[in-house]
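**Student:**
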Amino acid sequence: MKKNIFKKVVIVLTVLFSIIIITSGILGRQILFRDYPVFQSMSQKEIVETTNILPEDNDYIKKLKNNALDVYLSNASSELAEKLGENEKRVNSIVNGELPETQFSQNQEELQQALGASDEQMKKLSQTYENARLNRSIDQLQAETKTLKAEDLPQFIQDANQLTQQTEKSIQSYIEDNNAVSKSTISASVQALNDANAILNNFTQFVNYTNNYTAISQLQFDKISTNNSLMADFLPVFNKVNAYLRQKETVEARIKELTDFQQKVEKSEQLKNSSVELPNLKGQTLAAIRKQASTNYKIEVEPNNEDKDTATVTQQNPDPSQYGRILKGETIKVQTQKKTEEKKASSDSSKKDKEKTETSKKEDTKAKKKGDE
15 MKKNIFKKVV
25 IVLTVLFSII
35 IITSGILGRQ
45 ILFRDYPVFQ
55 SMSQKEIVET
65 TNILPEDNDY
75 IKKLKNNALD
85 VYLSNASSEL
95 AEKLGENEKR
105 VNSIVNGELP
115 ETQFSQNQEE
125 LQQALGASDE
135 QMKKLSQTYE
145 NARLNRSIDQ
155 LQAETKTLKA
165 EDLPQFIQDA
175 NQLTQQTEKS
185 IQSYIEDNNA
195 VSKSTISASV
205 QALNDANAIL
215 NNFTQFVNYT
225 NNYTAISQLQ
235 FDKISTNNSL
245 MADFLPVFNK
255 VNAYLRQKET
265 VEARIKELTD
275 FQQKVEKSEQ
285 LKNSSVELPN
295 LKGQTLAAIR
305 KQASTNYKIE
315 VEPNNEDKDT
325 ATVTQQNPDP
335 SQYGRILKGE
345 TIKVQTQKKT
355 EEKKASSDSS
365 KKDKEKTETS
375 KKEDTKAKKK
385 GDE
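With my numbering, the residue at position 67 of the sequence shown is 81, and numbering never jumps.
#1: My output table needs one value for residue 311: the three-state DSSP class, helix, strand or coil.
#2: Mind checking which residues open and close the alpha helix (DSSP H) that includes residue 348?
#3: When DSSP builds the beta bridges, which residues end up paired with residue 326?
#4: In this structure, what does DSSP give as the bridge partners for residue 289?
#5: Taking the alpha-carbon of residue 188 as reference, which of 145, 162 and 165 has the nearest alpha-carbon?
#6: For residue 192, which three-state DSSP category applies?
#7: Candidates 28, 169, 254 and 343: which alpha carbon is nearest residue 220's?
#8: With distances taken Cα to Cα, identify the nearest neighbour of residue 347 among 337, 332 and 338.
#9: Kindly provide the ranges of any alpha helix (DSSP H) runs that are 4 or more residues long and lie completely inside the stretch 193-278, ordered along the chain.
#10: Identify the residues that DSSP records as bridge partners of residue 149: which are they?
#11: Does the distance from the CB of residue 223 to the CB of residue 213 come in under 7 Å?
#12: Taking all protein chains shown into account, decide if residue 206 is buried (16 or more other Cβ within 10 angstroms of its Cβ) or exposed.
#13: Determine, using beta carbons only, whether residue 303 and residue 295 come nearer to each other than 7 Å.
#14: If you follow the alpha helix (DSSP H) that residue 129 is part of, which residue opens it and which one closes it?
#15: Alpha carbon to alpha carbon, how far is residue 299 from residue 312? Give it in angstroms, no decimals.
#16: DSSP three-state call for residue 175: helix, strand or coil?
#17: To the nearest angstrom, report how far apart residue 349 and residue 328 are at their CA atoms.
#18: What would DSSP say about residue 88, mapped onto helix, strand or coil?
#19: I'd like to know whether the C-beta of residue 129 is nearer than 7 Å to at least one C-beta of chain C.
#20: Quick check on DSSP: helix, strand or coil for residue 103?
#21: State buried or exposed for residue 268, treating a residue as buried only when at least 16 other CB atoms are found within 10 Å of its CB.
#22: Are there three or more Cβ pairs, one per stretch, closer than 8 Å when the stretch 125-134 is compared with the stretch 98-113?
#23: Could you pull out every residue in the same chain whose Cβ sits closer than 6 Å to the Cβ of residue 164, ignoring the five residues on either side in sequence?
#24: Are the beta-carbon atoms of residue 345 and residue 316 separated by less than 7 Å?
#25: Go ahead and label residue 210 buried or exposed: buried means 16 or more other beta carbons lie within 10 angstroms of its beta carbon, across all protein chains shown.
#26: Should residue 113 go down as buried or exposed, given a rule of 16 or more other Cβ atoms within 10 Å for buried?
#27: Could you have a look at residue 353 and say whether DSSP puts it in helix, strand or coil?
#28: Are there any heavy atoms of the ligand PLP lying less than 6 Å away from the beta-carbon of residue 120, as far as the coordinates show?
#29: Excluding the five sequence neighbours on either side, which residues of its own chain have a C-beta within less than 8 Å of the C-beta of residue 150, listed in chain order?
#30: How about residue 170 and residue 158: do their beta carbons lie closer than 7 Å?
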């Protein structure tokens, strides 16, 4: 009896245990081995609705439709997955423009294999790298420009030359493909180079002027800009040269003024030594002025004027009212009264004419009387 009961219990337990195992297997399969969506047979809309992928993420959708997810999962323990962190750092260094250009250009094939990227993706990555590299160089040169010191000049010039080469390359890339490099980035690069060049030209001019400050003017030196960090090191020298030029120009102007004055004095003395005061001869006799003349000046009486010693001077040339001095030995022309001989000659001529008239009248009278007889 007991044996029958035991057998029945064993059978019941066995059935229950079997049911539990079967149920667990079914549930486990549903949990662990449930079917994933087959993306190859789904539309883009169905993939978007089934996953959290956005409609614009076409690259991801294409990968899902091509079973890329299954391929990636199957290689999850491969070398590609193991180097995922390393490749991520490498991509970030490219995107940020940190990777040296030689490494990027020489190892592109290796990089493409390591990233599993297509040719089109590598092209876009190259464009991103070129833009980032150019922007990084621009930021670096602009930062150096703001805090430039004399000891930094060699490195500053080297960085400026490097940016120049990058800009030339980017311009060529833009000519070939206007999507390769941003136009605004190229413009910013050119402006950064102009700013750097302006500072270098300003500093070069300052050095040239301070080496030859005797040949420059204050106006030229004032054009040098000192509102940058590079000139801060040289402000003491700049101020000294500036002060020197101001004093130099003041002294030179004073020297010129004194030189001009000295030349005027010398000329005045020369004129004085070679000249005499112009006397006023009006009202004096010719005898008196001839006695005064000696070697200082000569006296010349105008023609048809009385030149006797007793004749009185009525006019003279040069006139003392207009001139203060005359050169030694110069002739003073004077006028006196007209000569009396002219008046006598005039009366004699009138007398002769009268005598001729009277003689003519007498002859006419004689001829008339003779005719009457």
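Don't be surprised by glycine CBs; every beta carbon is placed ideally from N, CA and C.
**Tutor:** If we stick to the structure as given:
#1: strand
#2: No alpha helix (DSSP H) holds residue 348; the beta strand (DSSP E) holding it covers 344-349.
#3: 299
#4: 341
#5: 145
#6: coil
#7: 254
#8: 332
#9: 197-225, 232-236 and 243-246
#10: Partner(s): none; residue 149 has no beta bridge.
#11: no
#12: buried
#13: yes
#14: 122-129
#15: 15 Å
#16: helix
#17: 6 Å
#18: Only weak support is given to the placement of residue 88: the predicted model assigns it a pLDDT of 48, under 50, and the question is left unresolved by the model.
#19: In the structure shown, chain C does not exist; there is a single protein chain.
#20: helix
#21: exposed
#22: yes
#23: 247
#24: no
#25: buried
#26: buried
#27: coil
#28: Ligands displayed in this structure: none; no statement on the ligand PLP is therefore possible.
#29: 110, 111 and 112
#30: yes
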